[in-house]
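In full-length UniProt numbering, the protein residues as written are 1 to 160.
In structure tokens form, the structure reads like this:
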């Protein structure tokens with residue numbers, strides 16, 4: 001079942017600047033969530049593998065775990081947020097694009113401390129780095145439509 005609570009900002013993080021350590025956390029979360037789509041391993045095992053196999057010194061580890069567990073736990077409710085904006089079914093999405101959209105939907109819904117424009121931009125950057133050709137345009141389109149739905153006050157105030 002999806003949680004309805006808003007999440008407070010992370011108080012523990014790895015080294016490096018907050019934006020850079022969160023960007024690294026998103027990158028690792030994307031990779032772990034991608035792996036989760038093809039694995040029957042519990043999310044805790046995937047988390048352990050990523051912590052063992054990656055240099056976590058410059059990663060916001062708390063944010064990584066929050067994204068990994070939060071997205072995994074709330075997959076169905078996150079998918080419902082954006083499925084009406086898709087030009088195909090959720091099942092037909094590229095697995096990378098699906099993971100990026102879920103991360104974006106999770107951040108828009110649960111991480112109100114992260115401005116919606118940052119969420120959209122980070123999704124675009126992940127798609128440019130890991131997605132297919134022009135996948136970033138698709139991610140931009142979907143997250144741009146989703147932001148006013150999940151953050152109506154913030155998106156209205158930015159447009160005025």
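Every residue gets a Cβ at the ideal spot worked out from N, C-alpha and C, and that includes glycine.
Keep in mind that this is a model prediction, so the values were computed, not measured.
Q. Helix, strand or coil for residue 112 per DSSP?
A. By 1-based counting over the chain shown, the position of residue 112 is 112. Coil.
If you follow the alpha helix (DSSP H) that residue 62 is part of, which residue opens it and which one closes it?
Here residue 62 refers to the residue found at position 62 of the chain shown. From DSSP, the alpha helix (DSSP H) with residue 62 extends over 61-73.
**Asked** What does a CB cutoff of less than 7 Å around residue 78 pick up in its chain, not counting 5 residues either side in sequence?
**Response** Here residue 78 refers to the residue found at position 78 when the chain shown is read from its first residue. So the list reads 71, 102, 105 and 106, once near-sequence residues are dropped.
Quiz item: Can you tell me whether residue 50 is buried or exposed, with buried defined as 16 or more other CB within 10 angstroms of its CB?
Solution: Taking the chain shown and counting its residues from 1, one reaches residue 50 at position 50. Residue 50 is buried by the Cβ-count criterion.
### Among 144, 134 and 98, nearest to residue 29 - alpha-carbon criterion
The count along the chain shown starts at 1 and reaches residue 29 at position 29. The shortest Cα separation from residue 29 among 144, 134 and 98 belongs to 98.
Do you know offhand how far residue 67's Cα is from residue 26's? For this step, residue 67 is matched to residue 67 along the chain shown. For this step, residue 26 is matched to residue 26 along the chain shown. The straight-line gap from Cα to Cα measures roughly 7 Å.
* Expressed to the nearest angstrom, what Euclidean distance is found between the alpha-carbon atoms of residue 140 and residue 123? -> Position 140 of the chain shown, counted from the start, is the residue given in the question as residue 140. Position 123 of the chain shown, counted from the start, is the residue given in the question as residue 123. When rounded, the distance between both Cα atoms is 7 Å.
Extent of the continuous alpha helix (DSSP H) to which residue 133 belongs
Start at 1 with the first residue of the chain shown, and residue 133 comes out as number 133. Unbroken run through residue 133: none, as it is neither H nor E.
(request) Rounded to whole angstroms, what's the CA-CA distance from residue 8 to residue 88? Just pull it up for me. (result) Taking the first residue of the chain shown as position 1, residue 8 is located at position 8. Taking the first residue of the chain shown as position 1, residue 88 is located at position 88. Because the pLDDT of residue 8 is 39, which lies under 50, any placement of that residue in the model is unreliable, and the number read from its coordinates should be weighed accordingly. So the alpha carbons of these two residues sit roughly 34 Å apart.
Nearest by alpha-carbon distance to residue 110: which of 73, 157, 32 and 33 is it?
Residue mapping note: residue 110 aligns to position 110 of the chain shown, counting from 1. Answer by Cα proximity: 73.
Less than 8 Å between the beta carbons of residue 59 and residue 17, yes or no? Reading the chain shown from its first residue, position 59 is the one you call residue 59. Reading the chain shown from its first residue, position 17 is the one you call residue 17. Cβ distance not < 8 Å, so residue 59 and residue 17 don't count as in contact.
### Query
Using a Cβ-Cβ cut-off of 6 Å (strictly less than) and excluding sequence neighbours within five positions of residue 126, which residues of its own chain qualify?
Here residue 126 is taken as the residue at index 126 of the chain shown, counted from 1. For residue 126, where only same-chain residues beyond five positions count, the Cβ hits under 6 Å are 30 and 100.
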